[in-house]
Amino acid sequence: MTDTTLPIPPVTTTPARQPTAGFIYGLIGVIIFSGSLPITKIGVAGLGANFLSLARAALAGIIALGLLALLRPRRPGLRDLPSLAVVAGGAVVGFPLLSALALRWMPSTHAVVFSGLLPISTAVFGALRGGDRPRASFWLFSCAGAGAIAAYALAPAVLAGGFHLAPGDGLMLLAVAVCGLAYAEGARLSRHLGGWPVICWALVLSLPLMAPLALATFPADWQSVPASAWGALGYVTLFSMLIGFFFWYHGLGLGGTVAVGQIQLLQPFCSFGLAAVLLGEPVGPAVLGTALVVVLCVAGARRAARRG
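Read in order, the letters of the sequence shown correspond to residues 1 to 308 in the UniProt record's numbering.
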């Protein structure tokens, strides 16, 4: 009998394109990331945006340091340091902090809408930094998927005449931009450093800054912080900052930043389900129809990218 078990992302580098494997690894990463915003909402309520964002990076950096010392992957060269700084600035510091701050003004389901723009951001930076050149039909499917997500979430407010850009919206747009750049840069690095070492090196690079700041913002009344907030910190540390990236960067390296990045169009719908279960935020039946459109757009974009 053939063993169909999906292995943990290997330590080896990923120079060859393997679209199917890249899609599978990327999908696992997206499922893990889908819990980030709803669970961050829980953590912010008890720990505050600043401490939660700094502590998740500092704790993940300590774990990453141990993994690197134990497994001893290939070390980055001097030419890799600027790119690692971009990954650290976008994925380790920028997106977690900016999204946590934005969640002070909006429900997690509203913030999740903006994650539907990540595939566009990742694809643009992937084309600029990674050398991917998708066909025009790819951009059509990608924009259609992002448009479907935005229409689902924003149309009711627009029709009611109550929609306007709030400070949280601007923060989430900036978060999407820096995260897309970090994803594209990390994917490029993963082709010669390996998938999981990229995020580990980026976390270690940011550790000297994150650890002191996390200690400085440690809540004085930590005894009164609910267990749910500490649990949220544990999730975003282990899964959002580490394990999700192990699969995500490995998938981007195998399948290509532009093609695999489109899987993120599915992330809002996974997040909507978790927000409904964990936070009681309502999700209407329109989700199913929009999700079907998005799935078709992902399939079309992936096919166009493979032909590009």
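Each residue gets a CB set at the ideal place from its N, CA and C atoms; glycine is no exception. Please read all numbers here as calculations on a predicted model, not as lab measurements.
- Per DSSP, G273 is one residue of the alpha helix (DSSP H) stretching across Q267 to L279.
- Excluding sequence positions up to five before and after G35, its CB lies within less than 6 Å of the CB of L274, all in the same chain and listed in chain order.
- In the DSSP assignment, W230 falls within the unbroken alpha helix (DSSP H) covering A227 to Y235.
- The beta carbons of Q264 and V113 sit no closer together than 8 Å.
- Beyond the five residues adjoining it in sequence on each side, G116 comes within less than 7 Å, by CB distance, of A146, I149, A150, L265 and P268 in the same chain, given in chain order.
- With a cut-off of 8 Å on Cβ pairs, the stretch 240-253 is not in contact with the stretch 69-83, counting fewer than three such pairs.
- With contacts defined by Cβ atoms closer than 8 Å, P219 and G43 do not form a contacting pair.
- Here the alpha carbons of L67 and L174 stand approximately 31 Å from one another.
- In the structure shown, A175 falls within a helical segment according to DSSP collapsed to helix, strand and coil.
- For T122, the uninterrupted alpha helix (DSSP H) segment begins and ends at L118 to R129.
- In this structure, the alpha-carbon of G61 lies about 30 Å from that of Q18.
- Annotated as proximal: F23 and G251, with beta-carbon spacing under 8 Å.
- Distance check between G180 and each of A127, W201, A211 and T217 places A127 closest, using alpha-carbon atoms only.
- In the three-state scheme derived from DSSP, where H, G and I count as helix and E and B as strand, D221 is classed as coil.
- Using a C-beta cut-off of 8 Å, the stretch 184-202 makes contact with the stretch 83-100, since at least three inter-stretch Cβ pairs fall below that distance.
- Between the alpha carbons of A57 and R104 lies a gap of roughly 20 Å.
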